[in-house]
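Peer 1: Supplied in structure tokens, the structure appears directly below.
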């Protein structure tokens, strides 16, 4: 199968690839001479009968297996190849055959992740995933092939980071087709196809179209040097590859800090309660012993069988009668909730057992909790089909998840707030990079407007924070792809279709820094971000606009997720994990103050 030719059908583009490391001794004359790792790649084109023990015995130590194509094909043998390959001691990767002419990068990244995500692990047996670019009929959801590839890779990197795995994907492309890219793709690994007959131990792929080498002159990570290779244990021809460097350099690893995601709410008697998932996967709470006072210490919630993904993102809301209710995605992708039986008390005996909604979502999705004007809670999540769903409390209990439509990256952040007149409003970034909003047509109503474009130039996995000004106007905050903090706002209260243009709040931030916003006791909005130095910064509204970014000190990892609560007396308080893995907090010394405490510890050992 010649992969450098344009392939016109799903059957024609089934490709197989396993990269094989060939050891210097012990595998016969050819392998005794080898110093570069060699290999092949596989798909259902090779069938389900691959003998992975024979493959490993032939010197193959790592492999890519096809997972998906466009949004219309899950490779039938992907899971077989992944499981049996790893079982035989082969380091296995997954690849996606891209159809940029048919779908947006976010849509295809979500499709790929839904099939391959469980096999991309920091287990020492996972090869970096690959984006296979062979179709050049135009792009959907991007302006160039480079942007499409970059967006797909960034989405998959974010998906992996969400479950504590660090990856840098490969881009597969033929030497001459690489001219369809610009140098913006040079940060990714490359697999260059060129069947030039050169020795895989001494040659390389750039004897033709060297001007297309956007990774740098003569630079390549992997080279697919033939489509007619033969390997014991695999029937028929396979594509053979060679690595220019070591295998260890292209194995997925741990992020080292998958980051817990605390959330906070205030009980009906005014005490703040913070929730976080620990190393064991148990959910813990820590609450103020009295309003504006000290803390109880960490207490486990639920029974020993309630174990969650450590870097899951729980969300908490307050019922109309003051009872807290927390929502969390299980390791099986189910949405669970637990609630106080009576308002006020945080004692373990005052909490229900965990109950599961009839839903199944990606384990790394974001949950958001909103509230109707009448106090009914409303939970939002993106389904495996890419649509946004919500489930709200009705007169006889929860209604079940209902679609609000759209086609979103499953790891897109969800923000919820209410218009001054009580209408609930939800915000997401689309695969186009624009921010969208959707709102109830009437307060407490079941009818929604539909999606409205608020423009932007954003990553669809960036965090969005939405606050409400003292005059009722909603305002959105985020980080642009240029690393600048931006905001836009309603031009008048209760005007969801009338917004300003995006305006800069300045600063230079990592694009995955987590913006959060809260309102001071006087209604002035205050925005928080972690800077390059590790300090927390805040920027607040004053009588003449915004204060500019002011440091609150600290030494934090920039992409961890802080949460901000408000004490009963109106003082804001921020919580996040520190460099020693304990939970740290700092607070305003008085309501509406520009003066903050130093950082204090709430203990615990977290990621």
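Residue numbers (this note's numbering): 1353 to 1959. All C-beta atoms in this analysis are idealised placements derived from N, C-alpha and C, irrespective of residue type, glycine included.
(1) Quick check on residue 1540: does DSSP put it in helix, strand or coil?
(2) I'd like to confirm the pairing. Which residues does DSSP put opposite residue 1889 in its beta bridges?
(3) For the beta strand (DSSP E) holding residue 1579, just list the boundary residues, first then last.
(4) Output the distance between the C-alpha atoms of residue 1544 and residue 1464, rounded to the nearest integer angstrom.
(5) Since residue 1392 is in the beta strand (DSSP E), which residue starts that stretch and which ends it?
(6) Assuming contact is defined by CB atoms lying nearer than 7 Å, are residue 1887 and residue 1879 in contact in what I supplied?
(7) Spell out the partners DSSP gives residue 1653 in its beta bridges.
(8) Roughly how many angstroms separate the alpha carbons of residue 1494 and residue 1456, rounded to a whole number?
(9) Report the three-state DSSP secondary structure of residue 1357 (helix, strand or coil).
(10) Would you mind sorting residue 1958 into buried or exposed? The rule is 16 or more other CB atoms within 10 Å of its CB.
(11) Roughly how many whole angstroms lie between the Cα atoms of residue 1934 and residue 1952?
(12) Within the same chain, show all residues whose beta-carbon is closer than 6 Å to that of residue 1840, passing over the 5 residues directly before and after it, in chain order.
(13) Hey, residue 1809 and residue 1825 are a contact pair by Cβ (cut 8 Å); roughly how many whole angstroms apart?
(14) Could you work out which residue in 1815, 1938, 1513 and 1752 is closest to residue 1767 when comparing CA atoms only?
(15) Is it right to say residue 1424 is buried, meaning 16 or more other beta carbons lie within 10 angstroms of its own, or is it exposed?
(16) Going straight from the alpha carbon of residue 1651 to that of residue 1633, what length do you get?
(17) Can you tell me where the beta strand (DSSP E) holding residue 1840 begins and where it ends?
(18) What are the start and end residues of the alpha helix (DSSP H) that includes residue 1976?
(19) Can you check whether the CB of residue 1517 is closer than 7 Å to the CB of residue 1415?
(20) On the DSSP letters alone, give me the boundaries of the beta strand (DSSP E) that residue 1790 sits inside.
(21) Where do the N-terminal and C-terminal ends of the alpha helix (DSSP H) with residue 1503 fall, by residue?
(22) Please work out which residues of its chain come closer than 8 Å, Cβ to Cβ, to residue 1705, disregarding the five sequence neighbours upstream and downstream, and give them in chain order.
(23) Check residue 2000 in the structure and name its three-state DSSP category.
(24) Over what stretch of residues does the beta strand (DSSP E) that includes residue 1709 continue unbroken?
(25) Quick one: what does DSSP say residue 1858 is sitting in, helix, strand or coil?
(26) For the beta strand (DSSP E) containing residue 1732, list its first residue and its last residue.
(27) Residues in its own chain within less than 8 Å of residue 1373 by CB, not counting five upstream and five downstream?
(28) Given that a residue counts as buried once 16 or more other Cβ atoms are within 10 Å of its Cβ, and exposed if not, what is residue 1573?
(29) Please decide whether residue 1577 counts as near chain E, where near means a Cβ-Cβ distance under 7 Å.
(30) Rounded to whole angstroms, what is the Cα-Cα separation between residue 1395 and residue 1417?
(31) Would residue 1743 and residue 1731 qualify as a contact pair, given that the criterion is a beta-carbon distance under 7 Å?
(32) So, is residue 1668 buried or exposed, given that buried needs 16 or more other C-beta atoms within 10 angstroms?
(33) If you run the structure through DSSP and keep just helix, strand and coil, what is residue 1528?
(34) Between 1441, 1921, 1510 and 1428, which has its C-alpha nearest residue 1350's C-alpha?
(35) Would residue 1591 and residue 1582 be called neighbours here (beta carbons separated by less than 7 Å)?
(36) Looking at residue 1776 and residue 1722, is the spacing between their C-beta atoms short of 7 Å?
Peer 2: Straight from the coordinates:
(1) In the three-state DSSP reduction, residue 1540 falls in the coil class, being neither helix nor strand.
(2) Within the DSSP secondary-structure output, residue 1889 pairs in a beta bridge with 1881 and 1903.
(3) Per DSSP, residue 1579 belongs to the beta strand (DSSP E) from 1574-1581.
(4) If I take the Cα positions, the gap works out to 21 Å.
(5) Start and end: 1390-1394.
(6) Not a contact, by the Cβ cut-off of 7 Å.
(7) In the DSSP output, where bridge partners are listed per residue, residue 1653 has 1635.
(8) Rounded to whole angstroms, the gap between the alpha carbons of residue 1494 and residue 1456 is 7 Å.
(9) In this prediction, residue 1357 scores a pLDDT of 29, lower than 50, which makes its location untrustworthy; the coordinate-derived value is nonetheless stated afterwards. Under the three-state reduction of DSSP, residue 1357 is assigned to coil, being neither helix nor strand.
(10) It counts as buried.
(11) Going by the C-alpha atoms only, they are around 10 Å apart.
(12) So the list reads 1828, 1851, 1852 and 1854, once near-sequence residues are dropped.
(13) Contact flag wrong, Cβ pair sits at about 23 Å.
(14) Checking every option, the nearest Cα to that of residue 1767 belongs to 1815.
(15) Flag for residue 1424 reads exposed.
(16) For residue 1651 and residue 1633, the distance between alpha carbons rounds to 13 Å.
(17) From DSSP, the beta strand (DSSP E) with residue 1840 extends over 1837-1841.
(18) It is not possible to answer for residue 1976, since the shown part of the chain is limited to 1353 through 1959.
(19) Contact flag unset, no.
(20) Per DSSP, residue 1790 belongs to the beta strand (DSSP E) from 1787-1791.
(21) From DSSP, the alpha helix (DSSP H) with residue 1503 extends over 1497-1514.
(22) These residues qualify, in order along the chain: 1654, 1655 and 1690.
(23) Since the first and last residues shown for the chain are 1353 and 1959, residue 2000 lies out of range.
(24) Premise fails: residue 1709 is in no beta strand (DSSP E) and is neither H nor E.
(25) Strand.
(26) For residue 1732, the enclosing beta strand (DSSP E) begins and ends at 1729-1734.
(27) Per-residue confidence for residue 1373 stands at a pLDDT of 31, beneath the threshold of 50, marking its modelled position as unreliable; the derived number appears in the next sentence. Within the same chain, 1389, 1390, 1391, 1411, 1412, 1413, 1414, 1595 and 1599 come within 8 Å of residue 1373 by CB-CB distance, once the 5 residues on both sides are set aside.
(28) Answer is buried; the Cβ neighbour count reaches 16.
(29) Although the question refers to chain E, the structure presented lacks it and comprises just one protein chain.
(30) Each residue's CA atom was taken as its position, placing residue 1395 and residue 1417 some 5 Å apart.
(31) Yes; because the gap between Cβ atoms is below 7 Å, this pair is in contact.
(32) Answer is buried; the Cβ neighbour count reaches 16.
(33) Residue state, collapsed to three classes: coil.
(34) What is shown of the chain runs 1353 to 1959, which leaves residue 1350 out entirely.
(35) Taking 7 Å as the Cβ cut-off, residue 1591 and residue 1582 do not qualify as a contacting pair.
(36) Yes, they are a contact pair.
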